[in-house]
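Residue numbers (the working numbering), protein chains in the order written: chain U, 177 to 466; chain W, 962 to 1241; chain C, 250 to 472; chain L, 6 to 345.
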Amino acid sequence: MTPGPQRPSTVAALAAQHGRPEAYAYLDEDTKRNVRRAILKALAIPGWQVPFASREMPVARGWGSGGLQVTLSLVGPNDVVKVIDQGDDHSSNAVGMRKLISESAGCAETTSTTAATIIQSRHRIPELDLRADQLLVLQVPHPEPLRRVVPADVAALVHHAERDYTPAWLDLYDAEARIGGPRTAADHPVLVDGARLMSPSPIPRYDVLRLNRRPHPILLGAGRRARLTALPPYIDVAPLAFEDSPLDPEHAGAPCWRCGSTQTYRVLAERRWCCSDIDACRVRLEATTP
Amino acid sequence: MTTNAVADYNDRAPLVPPEPVVSVRRLAHRFGSGCDRCIDLTGEAAGTNRCCACGSVVAVYDASFDIGPHEVLGVVGESGSGKTTLLRCLHLDLTPDSGSISVGGQAINRSTVVMVHQNALAAGLYPRLAAESNVAERLLGGGARHFGEIHSRAAELLNELGLQPERHTDALMTFSGGMQQRVQLARALVDPPQVLLLDEPTTGLDPSVQADLLDVMQRVTEALGSASVVVSHDLAAVRVLASRIVVLHHGRIVEEGIAEQVLEDPQHPYTQLLVSSRLT
Amino acid sequence: MTGSAVAEIAVAGLSKRFDAHPVVLDDVALSARGGGLTLIVGAPGSGKSTFVRCLTGVYRPDAGGVTYRLGGRGAVDVTTADARTVAWLRAHHIASFDGLLAAAPRLPAAVVAARVARCSRPSAVAALGRFHISSLAPVPIGRLRGTDRLTVALAAALLAERPFVVLDEPDRYADPDSVTRWVRRLTDDGAAVVATGSLDSALESIATATGELRRGKIEWRRP
Amino acid sequence: MYASMHENDALCAARALAQRATAGPGGHADTSMLEEQVCAEAGLWETTAARRALDQSRGDAAHAVSMLRVWAATQPHVQALPVSPDDVAVVRRLSSAYPRIPGGQWLGLAPELISRQLNWTDDDGPAADRPELTADVTAATADAPTRAATPRVRDLIDIAATVPSPADGAGDDPARTVLTPPYSRANRLAMLARGETGALVALAALILGRRQEAVMVELTVGVAAIRISHPRTGLPCAAAEVPVTEVEVVLDADVDGRPGLATGWGASLGRVERRAISLALLDGAMQADGELREPLTLDEQTVVAATDGPATNGFVEHLRLPHYASFASYLANVAGRTAS
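Take a look at the structure:
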């Protein structure tokens, strides 16, 4: 075959030929390939922390760089991206990341949970039910569930390998014996598939109790610690708890002053309780008011 | 005595002791590089266990003994005689250079051995956690997942060893030496190990606490039925706890006998020195 | 006791001396069969305690053997057996009263006795009662006077109901009549009992053989 | 923070402020934040002197700090009057504990709006009319609320037991007196306020890694008018206006056996916010845990984590992100535990 114009060997070279000098969706192809491989491995071993090549992102470490890299590795032109920060689309960091994703990937962005195909969230699980075709990406500060009881990473790895979580059970037992319940508020460790301990990111206990057998995958990216964990669809996820003292969700002081719901996770705002998940609250409000 | 006690007694206990639980054969361990001019490991006790050429210390040399169930073996000797090295080999903290340790026929493994350390904090216990939690840890390690059951089992063991219920949830570091030893013993009682090691259990405790502890330890060693080793330089304590005594001197077993014989009629000059230096 | 397991203590060629001191025991021999009491009497310091302690394995004799035979179930010589066997015999087969009782000082006397004799606490309290010291049952053994401690030890030894019983001057630490009655019951049950006593010991009345220990040798008296 | 990012003029003003501050001309680098950091570490507020020190030390910040301290030691000392809350104009205020707080939240000059992507184009406005940053900000404080008029967010937290913080006496000035341990809290804060930024952030990151819950309840950047008594009349008169960043955090702590909160307070000259956040975390951590304090071992994992600049800076500054959900969860857990 006659050697035509130099055939581009990489996607980046192909993109460059078509007037897109910088990489698609901000990340270079090698990083995206590494992240995708890590995602596949994490899905294959639910709950296991898979190291991945965490690049320096235009978002500070500890501000969601892990979640951002996962989203950018999966987003496509016809995706609809929603980025929320503790249930709120309008936090400055969430806005910054959503802009970065939509501009660099050329995809649509939204604040509606149902309209989104990829939802990147920090410390909250959207309260509207998600469909199987949607993808939830969580930002994670501390991927290691044993970090307080087994400070040394190497020792913690041994515990994971041997599935020996006695230190975690001991910490839970000590809290139960001395103060009647777990010390952990947010980021209560969960047992995936009944065997592997995982940190679900600092989501409140209300959300930890909603992690079990969800129809969509959940990907947890920790950029600072460069670890990636995943929960494939319909996997058993149970909070670390004794048989006779199940984990109880948080109780808010009053119904939400906007939508009046008593079932959602609510936070205090100027002495009034309001829903933490803004979008779910809006949907409920529109449903109730004619 | 209504029944003919002596007659029906006869068929109970056989005349010779049962198979040993722990058998240690020709245990030897050297700290340091060692060299050809090292103390001839097969030679007679040369009065020291430090090799003049390479300075390596033969901590334990050619130690062999057996311990049966329900038996307590006392190991005495001054510090530096190899007592602790021997114990660390039994507790798998140290792999000996040569010799073998077998428990119940197979090689020794971690789950069959429990050690009560001289001070609880060195024993890998958790000073910040409650005494009850330290006991519960072995239940949790065994797979117990029901809080109520673990709690009652741990409380029962701690009560049995003399800790008042209201102190069960205090942090271990706030307990006295004697009380911390009782927590360690309670941990041993959680699931009886095949081998129980007591490392200087009464050292550093004041006499009244020692007395209570000896009583508790006697009850525990009998209740557990495991092969026990008590290492101490406190001959009186060893006398109470152990039925047999092994005397270590410069890493060698210089005398072995029943506790009364070793302390009342010592044969080896070193044992005679050790026994005669007791404060009576 | 039915003839199935006849207990016998056979001592042969037993001699013992302590370093530079004169010979304490010189080629002593004796055979105590089940159902009988062998009494060794002697003046104070004639070596009676040493003899008992050689029998119970506490002292290692310079020469000679002490064999415990139990009917068809074998025999053990404590002077040559390994320490585990000797400890096993002392714990299960030999009831010895040789003036040595090591116990946790905080334990009540009755508990100590029960533990040594491997029997229940109430029967231990009853045993102390026979020596009229049941009031000492709850007292921690560490607080007892020397003689009371030995009385408790004696009660524990007698209580243990073992085929071999070795006692060092039992009638010195409890009233002779109850000791004599108790030893007679043990011998009736088939135990082989060896005891020492002072020259005018009350036990001579029930002894099947009596020997006097003088200058390391035993002269047996005609019954 | 909830400072809403709905597109409105306040947001445009904030973004303009942020962009203009960074649109550096080709030749001359804008080092305003570095100058503020050097002033804070030197313990005096004189940005022109800081810029001169940086120039003479060819940009070596540590060298510049010691040059400033040497110069300050030679200057005459005038005892300043304690700064009253009425003299502090709040130009930026955030809380990550509650979505809305009495007194409101607003971005002001938001460092997080400064992009982290290097801009290679030089098509910004001419350098000449780049106004002197601090002068411009001070003029804008005319309508800003004062610290006295703005309520404290920490007063909202009433359902959790807090570690009683020791009475805050007047601290001594570390530049003029020799402070010997044991330090009172005020003296400790005074010394730490002059601490080297990198060290403060590294230690704070170590603390954050081990805590169960750490939430920044309030961050305020204010311009404080320093008053001295007039040499002749003795009446207090304003002598200088100094930007101060003040931060309060709450950490999880054991309050007599029960889970509770320990409040940490930290303030630093200038607008380098991670300094104030680190100071608050250090103060809070030193009050929490009492004798249960865990020893810190310098194993390789700790050393590598502590010296990773972007990670520690990002992690400490991430406290500015909203923590409403996890904070509410912690308070609910604490309320549940103390009640039982």
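Just so it is clear, CB atoms sit at the ideal spot from N, CA and C, and this is done for glycine as well. Treat the numbers as computed from the prediction; the structure is a model and nothing was measured.
- Taking 8 Å as the upper bound for CB-CB distance, D1027/W and A989/W are not in contact here, some 17 Å apart.
- An exposed status is given to F267/C, since fewer than 16 other beta-carbon atoms sit within 10 Å of its beta-carbon.
- In this chain, the beta strand (DSSP E) harbouring W469/C covers 466 to 469.
- DSSP places A180/L in the coil class of the three-state scheme, outside both helix and strand.
- When DSSP states are grouped into helix, strand and coil, G378/C belongs to the helix group.
- By the Cβ rule, the region 260 to 268 of chain U counts as touching the region 286 to 300 of chain U, because three or more pairs are nearer than 8 Å.
- Each residue's CA atom was taken as its position, placing E257/C and R282/C some 4 Å apart.
- Contact annotation: L306/U and L314/U have beta-carbon atoms that are not nearer than 8 Å.
- If you compare the alpha carbons of E1161/W, A1115/W, G1165/W, V1064/W with that of S1187/W, the shortest gap goes to V1064/W.
- Against chain C, the CB of P978/W has a partner CB under 8 Å away; the residue lies at that interface.
- Around the C-beta of K265/C, 16 or more other C-beta atoms lie within 10 Å, and the residue is accordingly described as buried.
- About 13 Å separates the Cβ atoms of R276/L and E322/L, ruling out a contact at the 8 Å cut-off.
- Pairing A404/C with A324/C, the inter-Cα distance amounts to about 27 Å.
- For the 8 Å CB-CB criterion, E1032/W and V307/C do not form a contact.
- Just measuring C-alpha positions, the residue of Q84/L, L286/L, R98/L, P327/L sitting nearest R152/L is R98/L.
- Taking a cut-off of 8 Å on C-beta distances, the region 68 to 85 of chain L does not touch the region 299 to 315 of chain L, as fewer than three cross pairs fall below it.
- Residue-level contact check: I1219/W touches chain C, since one or more beta carbons of chain C fall below 8 Å from its beta carbon.
- Nearest neighbour of A284/U by Cα position, chosen from V256/U, S185/U, G370/U, turns out to be V256/U.
- Collapsing the DSSP output to three states places P171/L in coil.
- DSSP, read as helix, strand or coil, puts F992/W in strand.
- In this structure, DSSP gives Q193/U a helical state, which the three-state scheme calls helix.
- Rounded to whole angstroms, the gap between the alpha carbons of Y441/U and P104/L is 14 Å.
- Looking only at G243/U, T342/U, V251/U, the smallest Cα-Cα distance to A402/U is reached by G243/U.
- Contact note: A337/U does not reach chain W at a C-beta cutoff of 7 Å; the least C-beta distance is about 16 Å.
- S288/U has its alpha-carbon roughly 51 Å from the corresponding atom of N192/L.
- For A328/U, there are no CB contacts under 6 Å within the same chain when 5 residues up- and downstream are skipped.
- Under DSSP, L314/U shares a beta bridge with S297/U, L396/U.
- Put simply, the CB of G306/C is near chain W, with a gap under 8 Å to one of its CB atoms.
- The Cβ atoms of L1122/W and V1177/W sit closer than 8 Å to each other.
- In the DSSP annotation of this structure, the continuous segment of the alpha helix (DSSP H) that includes R339/C starts and ends at 332 to 341.
- In the DSSP annotation of this structure, the continuous segment of the beta strand (DSSP E) that includes R1213/W starts and ends at 1213 to 1219.
- In this structure, the beta-carbon distance from G291/C to E461/C falls below 8 Å.
- Shown here for V1181/W: same chain residues with a beta carbon closer than 6 Å to its own, the five before and five after excluded, namely L1146 in chain order.
- The beta carbon of A281/L lies closer than 8 Å to those of L224, T250, E251, V252, G271, A272, S273 in the same chain, with the five residues before and after it left out.
- A distance below 7 Å between beta-carbons, with the five flanking residues on each side excluded, links V226/L to the following residues of its chain, in chain order: V96, R97, G113, P248, T250, R276.
- Judged by their CB atoms, Y329/L and A54/L are not nearer to each other than the 8 Å cut-off.
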